[in-house]
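Residue numbers (full-length UniProt numbering): 1 to 708.
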Amino acid sequence: MGIHAEELEMTDVEPAPVIDAVMNVAGEVADPFSDLDDIPSKNHSRVGSVRPSSLLYTSGIGATVDMPHIAVMPQGLDAWEMAYSRQGKPQLVLVERLLSAVRTQLGHQVDELRQPPWVPEKAYETGTPIGIPTRIFPQWLRCTGCDLLAPISESKRFDFVNKSKHRPDKAQFVHKDCKGRPKKGKKLGTLDARPRLAVPARYLIACTDGHLDEFPYVEWLHRADEGGGKCSKAPKPELRMVEWRSNLGPQVTVRCSACNMSRNIAELTRAGGEKMLPNCRGRHPHLPTYSPATKPCEAEVRLMLLGAANQWFPASVSVLVLPARKNITPADIVVTVKGLPATTFADVQSLDDLTGWLKFGPKDVRAQFEGIESETLWQAILVARGSAVAATPEVAVPSSFDPISLLEPEWDTLVHPEDFEAEDRKAGFRVRPVPVASDLQPVTSHVVAVERVKKANAFIGFTRIDALDRVGDAPGRIAPLVQSGKPKWVPATEDRGEGVFLRFDEDIVAAWEDDVLESKVWQAHVAANERNVKRRQSLTAVEMVAADRLPPPRYWALHTMSHLLIREMAMSSGYGSASLTERLYAWRADDEREAAAGILIATTSPDSEGTLGGLVDIARTDRLVKVFSDALRRAERCSSDPICAHRVPSGQEDFLHGAACHFCVFVSETSCEKANRFLDRRFALTLNAGPEHAVEGLFQSVLVAPGT
1 MGIHAEELEM TDVEPAPVID AVMNVAGEVA DPFSDLDDIP SKNHSRVGSV
51 RPSSLLYTSG IGATVDMPHI AVMPQGLDAW EMAYSRQGKP QLVLVERLLS
101 AVRTQLGHQV DELRQPPWVP EKAYETGTPI GIPTRIFPQW LRCTGCDLLA
151 PISESKRFDF VNKSKHRPDK AQFVHKDCKG RPKKGKKLGT LDARPRLAVP
201 ARYLIACTDG HLDEFPYVEW LHRADEGGGK CSKAPKPELR MVEWRSNLGP
251 QVTVRCSACN MSRNIAELTR AGGEKMLPNC RGRHPHLPTY SPATKPCEAE
301 VRLMLLGAAN QWFPASVSVL VLPARKNITP ADIVVTVKGL PATTFADVQS
351 LDDLTGWLKF GPKDVRAQFE GIESETLWQA ILVARGSAVA ATPEVAVPSS
401 FDPISLLEPE WDTLVHPEDF EAEDRKAGFR VRPVPVASDL QPVTSHVVAV
451 ERVKKANAFI GFTRIDALDR VGDAPGRIAP LVQSGKPKWV PATEDRGEGV
501 FLRFDEDIVA AWEDDVLESK VWQAHVAANE RNVKRRQSLT AVEMVAADRL
551 PPPRYWALHT MSHLLIREMA MSSGYGSASL TERLYAWRAD DEREAAAGIL
601 IATTSPDSEG TLGGLVDIAR TDRLVKVFSD ALRRAERCSS DPICAHRVPS
651 GQEDFLHGAA CHFCVFVSET SCEKANRFLD RRFALTLNAG PEHAVEGLFQ
701 SVLVAPGT
């Protein structure tokens with residue numbers, strides 16, 4: 001997947017009048033599509049490459065992507081249209097459940113799930129640079145030779161160099177005619193003038209509403225927070241950023257060469273440092289837009305380091321692609337028909353028209369209805385148009401996002417493996433029930449080897465400073481993907497792989513859960529969750545009901561067991577732990593749904609890596625019982641015990657885990673669906689951690705089984 005640097009014209013709306021209004025937004029960088037035109041270009045546009053899945057989880061729209069010498073930001077969906085026009089018709093991800101979930105988050109105007117634009121490497125070699133358009137961000141650079149600090153657009157001293165077509169990693173900015181660092185008392189260096197590397201300045205400012213902006217170096221240095229803001233000696237002063245080490249850690253000082261004023265960045269990290277920063281301009285550099293002057297952003301501004309962990313939190317939705325049931329009726333496929341672009345059946349006005357469409361329509365769309373009678377499909381089209389009534393009422397689509405509504409159909413499919421032992425090629429789904437070892441009974445009721453599975457993923461936006469909580473979170477926290485705020489499509493990917501599904505006995509789980517709900521340790525977790533929500537730095541703290549965010553005890557137990565299994569499976573499955581992911585089905589019964597208690601551990605990938613068979617082999621009766629018992633036995637002791645084993649939030653502590661840490665339970669962020677929250681070893685197995693917070697572990701019976 002290519003990443004291309006792009007010069008976008010200034011399309012920002014009028015910014016709010018704040019002290020850093022003179023800061024730039026656009027620089028002289030390469031045009032990503034110039035190689036296709038007759039316009040000569042001294043630089044190539046490609047600056048790197050990422051996997052398609054990275055655009056959803058690590059390097060997506062609004063994130064800063066670190067290249068060897070530069071930092072870029074993938075642009076919003078408006079800028080992707082040129083890439084699609086070069087590629088041709090975009091490839092779609094046709095998964096109606098996923099599209100419905102995206103619509104509940106972003107609106108019903110979303111009509112498509114598009115795979116990111118790309119071309120085969122051979123096509124790129126012939127001069128077809130198709131990829132994701134990006135913008136150089138931040139625009140402020142620091143010369144590594146003389147410490148010059150200046151923005152690209154206001155300084156003619158920086159050159160962009162990217163002349164090697166096959167080495168995009170060499171793309172860089174250089175400071176022309178740099179003479180090195182000036183000696184004490186001198187304004188200019190004395191070395192031979194030559195180009196020296198310039199790197200991104202590391203400081204940014206951000207707010208909890210998802211805005212990100214350049215750091216106001218000139219205004220802050222000249223104390224705009226005290227009524228100044230301008231250099232008394234020069235309208236556009238030359239700045240230097242000097243770094244050195246001290247007993248207090250790295251020190252960074254910004255100095256003005258014109259008036260000799262200097263200031264240490266450490267001032268902003270002290271108590272009250274945020275008051276020295278300007279008001280938020282409401283900038284979204286990925287679009288690029290600002291908040292209008294009539295409606296300025298009022299969120300608190302924070303100092304942010306380039307690439308900081310809390311700079312960008314992706315918001316995505318994933319579903320398993322499920323096979324169709326036997327004896328398909330029109331009601332079964334109405335949702336599929338509604339999930340297609342509105343133009344799909346625009347010319348189909350009769351059954352005869354549909355017969356022709358099934359022969360000559362788009363191949364990828366026709367594949368969705370393979371094996372379905374034309375009469376059945378025609379009735380579904382009529383129902384979707386409102387011209388007929390389905391024989392069976394459709395499942396109501398929730399008006400707000402409900403993660404459990406996405407998991408319910410998957411649970412219903414996985415607990416009936418006997419219906420899907422024959423591979424459904426359209427869905428890429430095949431499962432096989434496996435006998436449960438006696439040592440895993442009675443708590444484990446079913447084991448299923450998921451030999452083939454396909455997962456569809458969609459990117460719906462991102463947040464900054466605070467991660468997004470899907471349940472009860474403020475809906476306006478997701479940063480927009482387009483300038484209008486109403487995208488008509490979103491990026492999506494499809495992954496293929498394999499996995500192991502474990503279902504646990506509901507009677508045992510429910511009885512254990514009822515006991516835990518009355519325990520002191522659970523009350524401590526409830527109180528910590530309430531404190532955590534109140535201390536959130538975004539609208540979440542105002543609009544979220546704390547109890548809605550806290551999953552039930554069964555989730556904690558299954559989540560902890562899932563992590564223990566992932567860590568153990570990584571030692572014998574042939575996959576690294578970071579490539580294994582969990583999908584938890586853990587909710588209590590209510591008026592709308594039956595209870596569920598199950599774990600799916602899978603590995604999926606856009607290529608064939610997810611189908612090597614390592615996880616399916618672990619599902620074998622003899623291997624699974626060993627992996628399960630070894631995982632529990634390894635978790636009996638932690639390198640941080642007794643500190644870890646006794647950990648329970650108390651007082652003003654607000655962490656969302658108990659006896660769990662990086663040594664015993666935590667896994668990589670790519671594997672965990674809750675960012676290593678809601679974990680406690682004492683819920684999975686019985687720990688010797690004192691009577692005050694003692695609870696019986698849900699899976700303790702496996703440890704004491706005769707065969708383990």
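No residue lacks a Cβ here, since even glycine has one placed at the ideal position from N, Cα and C.
Residue pairing for Ser316: DSSP places it in a beta bridge opposite Phe459. If only complete runs of 3 or more residues are kept, the UniProt domain "MrfA-like Zn-binding" (562-665) shows the beta strand (DSSP E) at 581-587, 596-605, in order along the chain. In the displayed model, Gly499 falls within a strand according to three-state DSSP.
In chain order, Asp466 place their CB closer than 7 Å to the CB of Arg536, counting only its own chain and leaving out the 5 sequence neighbours on each side.
Straight-line spacing of the CA atoms in Thr376 and Thr336 works out to 13 Å.
Looking at the DSSP output, His69 sits in no beta bridge, so it has no partner there.
In terms of CA proximity to Val533, Val545 leads the group Lys359, Val545, Val218. Here Ile265 carries a helix assignment [DSSP, helix/strand/coil]. The beta carbons of Val500 and Ala694 sit about 31 Å from each other, so the pair does not count as a contact at 8 Å. Judged by their CB atoms, Lys338 and Ala384 are nearer to each other than the 7 Å cut-off. Counting only residues of its own chain and dropping the five nearest sequence neighbours on each side, Leu351 has a CB closer than 6 Å to the CB of Trp378. Excluding its 5 nearest sequence neighbours in each direction, Arg283 has C-beta neighbours in its own chain below 6 Å: His211, Asp213, Tyr290, listed in chain order.
Within the region 144-222, the runs of beta strand (DSSP E) that reach at least 3 residues and sit entirely inside it are, in chain order, 148-151, 158-161, 172-178, 194-200, 203-207, 212-214. An exposed status is given to Phe360, since fewer than 16 other beta-carbon atoms sit within 10 Å of its beta-carbon. Per DSSP, the beta-bridge partners of Arg302 are Ala206. Linking Asn676 to Ser640 through their CA atoms gives a straight-line distance of about 17 Å.
If you look at Val434, you'll find it in the beta strand (DSSP E) that goes 430-434. For Pro133, the uninterrupted beta strand (DSSP E) run begins and ends at 131-136, by DSSP.
Under the DSSP assignment, Arg366 falls in the alpha helix (DSSP H) whose first and last residues are 363-366. In the structure shown, the three-state DSSP call for Trp118 is coil. A Cβ-Cβ separation of about 6 Å places Val702 in contact with Phe628 under the 8 Å criterion. Restricting attention to alpha helix (DSSP H) runs no shorter than 4 residues, the region 88-112 encloses them at 96-106, ordered along the chain. In the DSSP annotation of this structure, the continuous segment of the alpha helix (DSSP H) that includes Val702 starts and ends at 700-703. In the DSSP assignment, Trp140 forms a beta bridge with Pro151. Arg549 is positioned such that its CB atom lies no closer than 7 Å to that of Ala206. Distances from the CA of Glu636 to each of Thr686, Ala510, Asp364 were compared; the closest alpha carbon is that of Thr686. When C-beta atoms of the region 49-59 are compared with those of the region 84-102, fewer than three pairs fall below 8 Å, so the two segments do not count as touching. In the structure shown, Gln251 adopts extended strand secondary structure according to DSSP, grouped into three states. Collapsing the DSSP output to three states places Thr444 in a strand. Contact between Leu141 and Val199 holds, with the beta-carbon distance rounding to 7 Å and staying under 8 Å. The beta-carbon distance between Val72 and Thr134, rounded to whole angstroms, is 4 Å. This is short enough to meet the 8 Å contact definition.
If you look at Val545, you'll find it isn't in any beta strand (DSSP E); DSSP assigns it neither H nor E. It is roughly 11 Å from the alpha-carbon of His69 to the alpha-carbon of Val161.
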